[in-house]
Amino acid sequence: MKLSLLLLLLVAAVPAALHAEPRKLQTPPMAKKIPVVTEKHGIKLTDNYAWLRDQNDVKNREVMDYLKAENAYTRHAMKDTELLQQQLYEEMKGRIKEDDLSVPVKNGKYIYYSKMAKGKEYPIHYRRLADESKPEELILDENVLAAGKEFFECGSMEISPNDNILAYTVDTDGDEKYDCFFYDLKNKKLLKDCILDIPTNIEWAADNKTLFYAVMDETTRPYQIKRHTLGTDSRDDVLVYEEKDPLFCASICKSRDDRFMVISTGSTQSTEEYILDAKNPTGEFKCFCPRKKDVEYYLTFQNPYIYVTTNENALNFKVMRATEKNWNKADWEEFIPHNENVYIDGLSAFENYLVICERVNGLQKIRYIDIRKNKNIELPFPEAVYSVTIGNNPEYKTTKLRYIYDSLTTPESVIDYDFETGLSECKKRREVVGDFKPSNYVSERIFATAKDGTQIPISLVYRKDQWGYGPSSLYLTAYGAYGISTDPCFSSVYLSLLDRGYVYAIAHIRGGQEMGRKWYEDGKYLNKKNSFTDFIACAEHLIEQGYTRPEYLAIEGGSAGGLLMGAVTNMRPDLFKVVIADVPFVDMLNTMLDPTLPLTIGEYEEWGCPEDKKYFEYMHTYSPYDNIEAKDYPNMLVTAGLNDPRVSYWEPAKYVAKLRAMKTDNNLLCLKTNMSAGHMGASGRYEYLKEIALTYAFIFKHLNTHY
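287 is the number that the numbering used here gives to position 241 of the sequence shown; each next residue is one higher, with no gaps.
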C-alpha cells in the first residue's frame, strides 16, 4: 500500500499532497470519540485525546496504527534530509574510535576492563590477574546477549567477593524491568538461578552466596529488599525490608570497605538508612536514625567512624560524625559545618582519606582530608568551565583517587590523583578521531538576569573561526528539575553543530542544583515557573548580546526538560524557531491525578500533590498539554518511547495531537516514537547516533544551515 494511502486510511491527519512541504495537520478522526472530562477543585479538564492511552493493552491495534502512521509521516516530512541524516551519522560515527579499550580498574587480585569492537553496539568485558601471570579472561559479551534484540541494556554487573560468580541484570524492552542471571566464572557456565522483573539494583553479601536485590510494586516503585541464596528458587527468596510509605523508594548497597550492607529508603524530601554486618546476611538490618519529615541524611563509613551528610538545619548540607559503636544522635559531633556558599554534593571514604565533592558558585570542586595528618587539600582544575566526577574506585585501601574530568572543549579524561604526592596522571583522554583540536573552540560562562533579578549562568561553546560574523545559529538546552545539575560536559556529537557555525549553550536554570540547594528549592513546587522564566531570560539574553536571533534559535530538553520545552513554547512561541522535546513530561495534570502510574506518588514532592488545591491550581497554569492555545507555534520534533516507564508514550502522542488541532501556523510538527525502546531511546552506540542525526537534520532543515 502506498505511504500516502496508508496515512490517510489510518489517521486522515496528513495533507492530501504528501509530496509537498507538510502543512498544518488536522485532528485525527479517531479523536472525535467521547472526550474524557475530569473536574478537580472546580476546574474542568477536557481530554479529547485520552483514547491514545490504552489502559488494557499497549499493543492496541488502533493506537499502534496511529503511532506507526505518525512515524511514517515523520519519515516522509524528513525525506528531503535523508542524505543529510546519513552524512551526519557517518560524520558522528567517524569521530568515534570504534575499536577501543577502557581504562583498567584494579579490584582485589584482578584488573577489570572492557573493549569496544568495530561494528559492535555494546561492550565486551574482560579481566586478568593483576600480576599478569595469566591471559585475559572473558567475563561477558553484551553483543552476544543482545543478538536478535531491538533493545538491550546491561544494567548491573556484580562479582562475588571470592571473584567466582558474576551476577548481571539485563533489560530487553526499555521498560527498566531487569532479569538477573548468574554466571560461574570459574567453571564457565550459566547457573540455574534467575530473578525476574526487578530494578537493576543488586549487591553481594560477604559470604559469596547471598545476593540482596530490590523489588518493584505495580507502579514500578522499588519498595522491597529481598535476599537470594545461590542454588535456591527465587520464589523462596526472603523479604528483609518493605517500605510502606508510597512516597519512599528502597535500595541496597554495600559500604566502600565492604563491611556493611546498607538499605537506603527515601523520598525527594526525606531519607532513612538501615545497616547490617555484611558477614551476617541473615541478620536483622538496624535503623541508623529514624526518618524525619524534610530531613535527608546519607552515610559514609570509615572505621571507626560513620560520617552523616545531612541537611537538618543546614540547607546546603553539613557533615556530622558518629562512631560505629555509638549511633546515638545526641552524641554526633560536627565534622564539616554548614556553609551557605558551599553545597556538599557527596562524600567518599578511603582507608586514610575522606573525599568531599562540593559546588561553589556553580562550579564543582573536589577536596580531601588526610585523616592521619588532618590536612585539607583541594584538587586543582585547569579550566574556568568544566565538569568533574568521582570515577570507579573499588579499592578502599589505596593512595589514589580516580576521577573523570571534561569540559565543553576537553574530551572525557580519566585521571588518577595520588593522595601522597599530590601528582595527577591522565590515564586516558577519550580520542576524537579526525581533525578535532580543542584549541579551535572557545568556551564561556555568561549570566542572564532572570525576571526576579537572579543571575542565571549559561555555559556555551563555539568554534573560533566561525565566530564574529554576526548572530549565529544557536542550540540551547536545559533540564531544571529534581535538583539534577546539567554540567558542561564534552560530547563529540555536538561538533556537528559547532563546525557548522552553531553556538552550543546550556542554561543552568533553577530547579537544578548547580548553585546550591536553594537553586533547587527555588525551582520546584510553587516556584516551578522560575525554571521557565529563567530559560526565557537566557534565550533573550543570548539574543540581546548578539549571539543569535529568534529565527536562528533551536531549543532542546528531555523528560522534565521536555516539560520545560512545552511550557516555554506555550509562553513564548515567538522566541524560538525550532523546539526539540524528547520524551517530554507534558500531560502533567492527567498523570499527577493518577496514582496508579509509575512514579506519580513520588512526584508529589517535586511538583505538589494535586489533591491540594493550591498545587493543582498552580500546575494548571503551566501544564503544557492543558495550556495549548490557538496560536502560531515553532517547528517541533517530539519523541516518545513505547515502553517508557517514566513518561508514558501517550503523553507526547496526545500533546502532538492537540497541537495539531489548535495551532494556527504551517510549521512542521513531527512525532517520532521508538517502538522498541523506553525513556533513554536507542540502546546501541550506533543506533543512538541515528537518533541524534535525525534531531540535527530537523534543526538544520529549519535554520537553513548550509549542509
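Beta carbons are placed, not taken as given, at the ideal position from N, Cα and C, and that holds for glycine.
A quick note: this is a predicted structure, and the numbers were derived from the prediction, not measured.
Met-721 is the residue among Ala-606, Glu-733, Met-721 whose C-alpha sits nearest the C-alpha of Glu-116. Taking a contact as a CB-CB distance under 8 Å, the pair Met-307 and Glu-249 counts as one, their CB atoms being some 7 Å apart. In the three-state reduction of the DSSP assignment, Val-149 falls in the coil class, being assigned neither a helical nor a strand state. Residue state for Val-614 is assigned as helix, using DSSP reduced to three classes. For Phe-228, the closest alpha carbon among the candidates Ile-241, Ile-170, Glu-370, Glu-222 is that of Ile-241. By the Cβ-count criterion, Asp-243 is exposed, with fewer than 16 other Cβ atoms from all chains shown falling within 10 Å of its own Cβ. One thing to note: Gly-547 has its Cβ no nearer than 8 Å to the Cβ of Ser-505.
Within the same chain, Val-629, Gly-687, Asp-690, Arg-692 come within 6 Å of His-725 by CB-CB distance, once the 5 residues on both sides are set aside. Looking at the backbone, the Cα of Ile-412 and that of Met-124 are separated by about 46 Å. Within the model, the alpha-carbon separation for Ile-185 versus His-171 is close to 5 Å.
In the three-state DSSP reduction, Gln-501 falls in the strand class (E or B).
The alpha-carbon separation between Leu-610 and Arg-618 amounts to approximately 12 Å.
Beta-bridge analysis with DSSP links Asp-416 to Tyr-399, Lys-421.
Here Arg-491 carries a strand assignment [DSSP, helix/strand/coil]. Counting the other Cβ atoms within 10 Å of the Cβ of Thr-667 gives fewer than 16, which makes it exposed.
Going by DSSP, Ala-527 is part of no beta strand (DSSP E) at all; its letter is neither H nor E. The DSSP-derived three-state label of Met-307 is strand. Going by C-alpha positions, Ser-577 is about 12 Å away from Thr-523. By the neighbour-count criterion, in which a residue is buried when 16 or more other Cβ atoms sit within 10 angstroms of its Cβ, Arg-281 is exposed. Annotated as proximal: Thr-456 and Glu-429, with beta-carbon spacing under 8 Å. Relative to the Cα of Glu-137, the nearest Cα in the group Leu-543, Glu-560, Thr-685, Asn-681 belongs to Leu-543. Distances from the alpha-carbon of Pro-426 to those of Asp-416, Asn-681, Gln-410 put Gln-410 closest. Pairwise C-beta distances place the stretch 261–277 in contact with the stretch 289–305, as three or more of them are shorter than 8 Å.
Put simply, the backbone Cα of Gly-499 is about 40 Å away from that of Tyr-95.
Rounded to the nearest angstrom, the Cβ distance from Asn-636 to Asp-100 is 14 Å, too far for a contact under 8 Å. The beta strand (DSSP E) runs lying completely inside the stretch 130–195 and spanning 3 residues or more are 151–153, 156–162, 170–175, 183–187, given in chain order. Taking the Cβ atoms as the reference, Asp-580 lies roughly 5 Å from Arg-556, within the contact range of under 8 Å. Cβ-Cβ distances below 6 Å link Ile-157 to Pro-150, Arg-174, Ala-176 in the same chain, with the five nearest sequence neighbours on each side left out; the list follows chain order. For the pair Glu-441 and Phe-465, the Cα-to-Cα distance works out to about 14 Å. Val-83 counts as exposed, since fewer than 16 other C-beta atoms from the protein chains shown sit within 10 angstroms of its C-beta. Excluding residues up to 5 positions away in sequence, Trp-97 lie with their Cβ nearer than 7 Å to the Cβ of Lys-79 in the same chain. Looking at Asp-377, Gly-277, Ala-252, the one whose alpha-carbon comes closest to that of Leu-322 is Ala-252. DSSP, reduced to helix, strand and coil, places Glu-318 within a strand of the structure shown. Beta-bridge partners assigned by DSSP to Leu-409: Val-406.
Taking a cut-off of 8 Å for Cβ pairs, the stretch 590–597 and the stretch 647–658 do not touch, as fewer than three such pairs fall below it. Taken in chain order, the whole beta strand (DSSP E) runs of length 3 or more contained in the stretch 262–289 are 268–275, 284–288.
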